Amino acid sequence: MHRFFKSEFFNFEFLRILSTTRYGGCEIGEALEAAAQIKDGDPHSWSTQWSVLSTKAEELSKEAQKAGDTITAHNALLRASNYRRASQYMLNAPDPTEAALAVTRLEKSEALFKQALLLQEGVMVHELAIPYGKGIHLPAYLYVPTQFEKSNGIPLVINLSGGDSTQEEMFVVSACAGPPRGYAVLTFEGPGQGILLKRERLPMEPAYEKVTSTVLDFLEHNNSSGQANYGLDLNRIAVVGQSMGGYFALRAAADQRVKACIAVDPPYDMWDLALSRMPGWFMGGWVRGIITDSVFKWTVGLLSNLNYQLKWEVAHLQAMSGTDNAADAFRFLKQLTLKNADGSEYLRNVKCPVLVTAPTNAMYFDLEVNSKKIFATLDHMEDGKREYWVPDTLYEGGLQAKVCAFELANYRIFGWCDKHL
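Here the sequence shown stands for residues 25 to 445, numbered as in this note's numbering.
So this is what it looks like as structure tokens:
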């Protein structure tokens, strides 16, 4: 495979952006120009170049709107939004100035995306705020197709964000592929995700089914009360998520209101990821109490200074878990598992059809201890209600989260929905 950066981290994240070209999130020439200017492994160089591209795309959208070309204006706004999201991605240091800049850029990404939605064709977009208790509202978008028969109601796909994505990114990854196929698609950001993480500092909810159940309750209440009738058939709901979002989808699938689930390259237990990031003898010593938290934090700090990917991961994990040190952040990962506290399997509660996919070239989640294990644990299901897709090559979806193969992934995703909704 051709590499744009020697750094595995930078190369993967670049491919992640480039892959959105199919759905309007990127222009190849613009991305290649950014790659030529980005210094490998330098987060500030990354941030600057994507910010520059975002500004250029926004300027093009303004020019196009003045000329009456709403198609070019819409497309440029989508790219400007995605580039602005990318520009804040590497800004993960605890420094208050950098954190504030990340929030500003994420807010700008949202604003640009909403401008693009005003020019979106073939879909009715509803911006929602879903109550989540204690004055918290989950930001959401509901995309409803306008060119399909609605007499029987429109099936709904809930496209879940992952551990480091935004719902605006999810639109140019998967969500926009739903309405042309006759599906309404809902995206939202829950605790520990997107703007709720960066601006509100709201930590992640390990029992993510609480979040998705709240979302389903909201939809049912609006539908039954007549407050908002979007023409949805709430008896035909699917959940889909990529990577960490796939884990969330599996937890959501235990809700009987969910009729189909697609878990794209999900983890089974995030503690396995923690163990892969540090030497086994070191992690074993820390877990047994031989190595103290102070030594653990010092060691992680030292290694982070030598490896930017680890530095980014630890900083993101601390924010996501609502902790202020590496030791507590790593412990938080023990809560993100499909194994119940009593040793039983959470997935035994899932009754709806499930498509599980795996990456053969995993950035994070090795298929043997993740996707393959998940599929095996679903052996209580009848024939035809579970399926395992493991592509071998890059273009078939061999990378994590099906980066470089979003078109094919969406064919599989919505094909599963066609079959089971």
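Every residue gets a Cβ at the ideal spot worked out from N, C-alpha and C, and that includes glycine.
A quick note: this is a predicted structure, and the numbers were derived from the prediction, not measured.
The straight-line gap separating the alpha-carbon atoms of Met25 and Ala153 is approximately 42 Å. Contact annotation: the segment 215-230 does not touch the segment 139-151, with fewer than three C-beta pairs closer than 8 Å. The secondary-structure analysis by DSSP pairs Leu256 across a beta bridge with Ile178. Per DSSP, Leu152 is one residue of the beta strand (DSSP E) stretching across Val147 to Pro155.
Remark: C-beta atoms of Ala126 and Leu115 approach each other more closely than 8 Å. Taking 8 Å as the cut-off, the beta carbon of Met344 is found closer than this to the beta carbon of Pro227. Taking the Cβ atoms as the reference, Ser75 lies roughly 4 Å from Ser111, within the contact range of under 8 Å. Of the candidates Thr94, Ala104 and Glu32, Ala104 places its Cα closest to the Cα of Glu54. The Cβ-Cβ distance between Gly186 and Gly304 does not fall below 8 Å.
In the DSSP assignment, Ile437 falls outside any beta strand (DSSP E) and within the unbroken alpha helix (DSSP H) covering Phe430 to His444. One Cα belongs to Pro291, the other to Lys63, and the distance between them is close to 31 Å. At a cut-off of 3 residues, the continuous stretches assigned as beta strand (DSSP E) that sit fully inside the segment 367-408 are 378-381. For Pro67, the secondary structure class from DSSP, reduced to helix, strand or coil, is helix.
Judged by pairs of C-beta atoms under 8 Å, the segment 431-438 does not touch the segment 393-403, as fewer than three such pairs exist.
In the pairwise beta carbon analysis, the segment 278-285 is classified as touching the segment 370-386: at least three pairs are separated by under 8 Å. For the pair Ala284 and Cys376, the CB atoms are nearer than the 8 Å cut-off. As the crow flies, the alpha-carbon of Phe172 is around 18 Å from that of Lys443. It is roughly 14 Å from the alpha-carbon of Lys409 to the alpha-carbon of Ala262. Distance from the CA of Leu418 to the CA of Lys335, rounded to the nearest whole angstrom, comes to 27 Å. The C-alpha of Asn331 lies about 27 Å from the C-alpha of Thr44. Between Glu51 and Arg109, the C-beta gap is not smaller than 8 Å, which leaves the two residues out of contact. The alpha-carbon separation between Val311 and Lys397 amounts to approximately 24 Å. Ranking Ile178, Cys441, Ala231 and Leu326 by CA distance to the CA of Val168 puts Ile178 first.
Asp293 sits in a strand when the DSSP states are folded into three classes. Apart from sequence neighbours up to five positions away, the residues of its chain that approach Phe356 with a beta-carbon distance below 6 Å are Ser345, ordered along the chain.
Residue range Pro120 to Leu141 is occupied by the alpha helix (DSSP H) that includes Pro120, with no beta strand (DSSP E) assigned at that position. Closest in C-alpha terms to Val149, from the list Ala425, Thr170, Thr361 and Ser237, comes Thr170. Just measuring C-alpha positions, the residue of Lys358, Glu82 and Val239 sitting nearest His98 is Glu82. Straight-line spacing of the CA atoms in Leu84 and Thr72 works out to 19 Å.
Val414 and Ala382 have their C-alpha atoms roughly 5 Å apart. Trp413 has Thr381 as its beta-bridge partners, per DSSP. The Cβ atoms of Gly159 and Val181 lie no closer than 8 Å to each other. Nearest to Asn385 by alpha-carbon distance, out of Gly270, Pro67 and Asp289, is Asp289. Distance between Arg223 and Asp407, taken at the CA atoms: about 45 Å. His26 carries a coil assignment under DSSP once its states are collapsed to helix, strand and coil.
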